[in-house]
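Structure record follows, encoded as structure tokens.
Protein chains: 2
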Amino acid sequence: MTLTEMGMNARNASKSLALATAEEKNIALEKISHALNENVAEILAANAEDIALARENGLSEAMIERLTLTEKRIASIAAAVLKVKNLPDPVGEILESRELYNGLKLEKRRVPMGVIAIIYESRPNVTVDSAVLCLKAGSAVILRGGKETIRSNRALEGIMRTAIESAGLNPDCVQLVHDTSRETARELMGMRGVIDLLIPRGGAGLIRTVVENAKVPVIETGAGNCHVYVDAAADLTMAANIIKNAKMQRPSVCNAAETLLVHKAVAKEFLPLARAALIGCELRGCEKTCTLLPGIKLADESDWSTEYNDYILAVRVVDSLDSAIRHIEKHSTRHSEAIVTQDAHAAAEFMNRIDAAALYHNASTRFTDGEEFGLGAEIGISTQKMHARGPMGLKEICSFKYFVTGEGQVRG
Amino acid sequence: MTLTEMGMNARNASKSLALATAEEKNIALEKISHALNENVAEILAANAEDIALARENGLSEAMIERLTLTEKRIASIAAAVLKVKNLPDPVGEILESRELYNGLKLEKRRVPMGVIAIIYESRPNVTVDSAVLCLKAGSAVILRGGKETIRSNRALEGIMRTAIESAGLNPDCVQLVHDTSRETARELMGMRGVIDLLIPRGGAGLIRTVVENAKVPVIETGAGNCHVYVDAAADLTMAANIIKNAKMQRPSVCNAAETLLVHKAVAKEFLPLARAALIGCELRGCEKTCTLLPGIKLADESDWSTEYNDYILAVRVVDSLDSAIRHIEKHSTRHSEAIVTQDAHAAAEFMNRIDAAALYHNASTRFTDGEEFGLGAEIGISTQKMHARGPMGLKEICSFKYFVTGEGQVRG
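Chains A and B are the protein sequences, given in the same order.
Numbering-wise (the working numbering), the first sequence opens with residue 71 and increments by one.
Numbering-wise (the working numbering), the second sequence opens with residue 71 and increments by one.
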């Protein structure tokens, strides 16, 4: 099938899906969850082929770990589908309602986006997560995963489509692009009038390619060079606890901290506490930090803008709140930034001045997450400022339209 | 000045403007309005140079009319600035507020977009309108107008910047690109990390170029192939009145109707009423229409997708509500679509099924407008589905961020 045909099928499916009731969509989600559990053997067999080929092609063990499915992982993917099913339907909510001066009744109602395309890399759970979030939000989805998991993805696609059809919905609500060449990704990026929203999910290279080349609307996700700033008025025990969590709890994710900034007034007391809290983490410090923590590596300029996604932390002593803010403005990817302080004025200045999706006062940056924010699930974390910012749940992948009702009004 | 320097100035200005109070911004707007009225002679002299050059270059009288300023037009631009001043400040409004399960307090607050760029064509009022809307919304703006009005725009820029500075704000909140070569437009479209939002304002060619080439986030505006559908259950007097208004009141604008669809059950009775209501308008009909209205021109396939912006209307008789919806789905630019009917079910089906920014029941499409919708003013009408849809006022050119306040919470 060509992408043009796939696009037409998706547009067509999106029309009936947009009008489906919450109940109809929920039945489909329940059937998908059930079918995933019922077809574990088929999924594992397809996944085993992907893994065998990955080993043949010399992929790293870390990569192979990411694309591997197990019975337990499939059960957890199926359980996540039921969680999405149990979320409230975002479609149809009245966002604004007013009567205009001329008696016209104006309502702004949330409606599905239409057709959403997702370009992603290796993890096969993204195939199911993205499909069910789009389905619940009333949009047809075109999935373009990576070649490393194409067999697993095809199995998951087939199972989901059969389940959707058995629920009485159009199976073209979920379509996977089987040709994983670069050409199909390029073509998707240019399908204006067919794709209403394109979301890249994956590494920095993929996201940059999509953002720079797409002619269809895109939401940029992902990059997180997050900072924790320990102010002169910080509770230092709390600060050590927060930087430990922000750096160490799961260093591979985008909301993990990459740089610690410490006000000079508390550096001498705090840095040893930080080092004790960060055992197992490599520290790369500015000159002052190296003086106060002898033996650690000297950071170079590139460290301030590196998203390590690893047990490495850059550490800098700053002269003032203002220096901290200026450092962050210079290096931030506008994801999540935290201040630890007992001084409410310093916190307000930090949070008002810094341009990021989420600003934290006395809490870990690790909370920037759809579930933590109470959105139920997320399809990614937006680092752009248009449409959606921060965790994107069901509402964030919807659009809206105006319903205007009159009795023959014309414009004067 | 290079665009890179201009971009740095804009980012810098955007930081202080984002923190400016409503009062500080309002003083600047008042001074801009006052200065426009005070400097009419300077503006008219610059505009006269633009007009003389336009004549020399053989521009059409219609084009020259669009770029011409008069004392009255300047007074009206200055008055519009005061109207923007009197609108509520969109910045800082709390959009959501909740306490999470772990006691974290989460607030979603509206914040300025940052740096907005506008690429536009001939009308010099856009220079002032765009600048003051961005300023009120707390964003710095980079204006890239057309070469036909560069002298007028430079005069307006100088007057606005002096006024902004005299109000104590950074004049780099408003900057005009003086080099009107294609190269500067291209360069603006690629300024990632500097420009947060790019809005093209002008003809279809300009908008397509920007949408297809920009690497920065764009809001697509403008194209309006709007339909009025007269249902079997329509009040035909009301319908004639609505199509007259939708087509004739101001045919050059995007919310004017371009195609009339008529249910076959009322075609014989309605089409003569429509013809009588549309005196002065060329009709191009389908075969059935031509039979019922002898003497009118036969429409060809291209008529259904043409945005005439003129006293021309395509007319088609359809077999059913469903045919009308399918015709609109095929040809719509997703701007504004109207149904005239006394049948509430037909109206609901039309409005639910059609994918457009604004759906009308028993009212003219001409109401899709920022002032009519009660937004106070507009910077354009979005025809895309991301971020903003339909008229974009002050709120629609803002972003938001999350403020999360804790007492040392870390993620478990």
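Glycine residues also receive a C-beta, built at the ideal position from the N, C-alpha and C atoms.
Buried versus exposed, by CB contacts within 10 Å (16 or more), residue i
i, result
"Lys142 (chain A)", "exposed"
"Ala122 (chain B)", "exposed"
"Gln454 (chain B)", "buried"
"Tyr190 (chain A)", "buried"
"Lys400 (chain A)", "exposed"
"Met78 (chain B)", "exposed"
"Val212 (chain B)", "Strictly speaking, residue 212 (chain B) in this sequence is Ile, with Val absent from that position. With 16 or more Cβ atoms within 10 Å of its Cβ, Ile212 (chain B) is classed as buried."
"Thr361 (chain B)", "exposed"
"Ile451 (chain A)", "buried"
"Leu348 (chain B)", "buried"
"His415 (chain A)", "exposed"
"Pro241 (chain B)", "buried"
"Thr140 (chain B)", "exposed"
"Lys487 (chain B)", "With chain B covering 71 to 482 only, the question about residue 487 (chain B) has no answer from this structure."
"Ser167 (chain A)", "exposed"
"Lys367 (chain B)", "exposed"
Alpha carbon of residue i to alpha carbon of residue j, nearest angstrom
i, j, result
"Leu165 (chain B)", "Phe340 (chain B)", "47 Å"
"Gln104 (chain A)", "Ala148 (chain A)", "The question names Gln, but residue 104 (chain A) in the sequence shown is His. About 7 Å."
"Gln245 (chain B)", "Glu253 (chain B)", "17 Å"
"Ala124 (chain B)", "Ala145 (chain B)", "23 Å"
"Leu89 (chain A)", "Arg231 (chain B)", "51 Å"
"Glu377 (chain B)", "Thr403 (chain B)", "10 Å"
"Thr72 (chain B)", "Leu445 (chain A)", "44 Å"
"Val115 (chain B)", "Glu466 (chain A)", "Note that residue 115 (chain B) is Ala in the sequence shown, not Val. Taking the straight line joining both Cα atoms gives about 49 Å."
"Arg278 (chain B)", "Asp159 (chain B)", "32 Å"
"Val202 (chain A)", "Thr250 (chain A)", "21 Å"
"Arg193 (chain B)", "Ala293 (chain A)", "40 Å"
"Arg436 (chain A)", "Arg256 (chain B)", "38 Å"
"His297 (chain A)", "Ala327 (chain A)", "5 Å"
"Val323 (chain B)", "Asp120 (chain B)", "24 Å"
"Asn87 (chain A)", "Ala207 (chain A)", "It is worth fixing the name first, because residue 87 (chain A) is Leu in this sequence and not Asn. Approximately 9 Å between the Cα atoms of the pair."
"Gly272 (chain A)", "Val264 (chain A)", "23 Å"
"Asn109 (chain B)", "Ile234 (chain B)", "15 Å"
"Ala337 (chain B)", "Gly215 (chain B)", "46 Å"
"Glu93 (chain B)", "Ile186 (chain B)", "22 Å"
C-beta neighbour in chain A for residue i, strict 7 Å
i, result
"Asn79 (chain B)", "no"
"Tyr430 (chain B)", "yes"
"Pro182 (chain B)", "no"
"Gln319 (chain B)", "yes"
"Arg436 (chain B)", "yes"
"Ala98 (chain B)", "no"
"Glu419 (chain B)", "no"
"Lys455 (chain B)", "yes"
"Glu131 (chain B)", "no"
"Pro342 (chain B)", "no"
"Pro158 (chain B)", "no"
"Asn82 (chain B)", "no"
"Leu174 (chain B)", "yes"
"Ala433 (chain B)", "yes"
"Lys95 (chain B)", "no"
"Glu282 (chain B)", "yes"
Chain B within 7 Å of residue i, Cβ atoms only
i, result
"His104 (chain A)", "no"
"Pro194 (chain A)", "no"
"Ala310 (chain A)", "no"
"Ala302 (chain A)", "no"
"Asn315 (chain A)", "yes"
"Lys285 (chain A)", "yes"
> When Cβ atoms are compared, which residues of the segment 255–270 of chain A fall closer than 8 Å to chain B?
Replying inline: Per Cβ criterion, the list reads Arg262, Asp266, Leu267.
> Any residues in the segment 232–255 of chain B with a beta carbon nearer than 8 Å to a beta carbon of chain A? Which ones, in chain order?
Replying inline: Flagged: no residues at all.
> If contact means a Cβ-Cβ distance below 7 Å, which residues of the segment 460–481 of chain A contact chain B?
Replying inline: Those residues of the segment 460–481 of chain A that come within reach of chain B (Cβ to Cβ, closer than 7 Å) are Gly460, Ser469, Phe470, Lys471, Tyr472, Phe473, Val474, Thr475, Gly476, Glu477, Gly478, Gln479, Val480, Arg481.
> Quick one: any contact between the segment 427–437 of chain B and the segment 399–414 of chain B, if contact means 3 or more CB pairs under 8 Å?
Replying inline: yes
> Are three or more beta carbon pairs between the segment 282–290 of chain B and the segment 350–367 of chain B nearer than 8 Å?
Replying inline: In this structure the segment 282–290 of chain B does not touch the segment 350–367 of chain B; the number of beta carbon pairs closer than 8 Å is below three.
> Are three or more beta carbon pairs between the segment 457–471 of chain A and the segment 167–183 of chain A nearer than 8 Å?
Replying inline: A contact exists between the segment 457–471 of chain A and the segment 167–183 of chain A.
>> I'd like to know if the segment 190–205 of chain B and the segment 214–226 of chain B are in contact, where contact means that at least 3 CB-CB pairs between them fall below 8 Å.
In response: In this structure the segment 190–205 of chain B touches the segment 214–226 of chain B; the number of beta carbon pairs closer than 8 Å is three or more.
>> Between the segment 380–393 of chain B and the segment 330–348 of chain B, can you find at least three pairs of beta-carbon atoms closer than 8 Å?
In response: yes
> Using Cβ-Cβ distances below 8 Å, what residues of the segment 110–131 of chain B are close to chain A?
Replying inline: none
>> For the segment 369–387 of chain B, list every residue whose C-beta sits within 8 Å of some C-beta in chain A, in sequence order.
In response: none
> Between the segment 201–225 of chain B and chain A, which residues of the former have CB atoms less than 9 Å from a CB of the latter, in chain order?
Replying inline: Hits within the stretch: zero.
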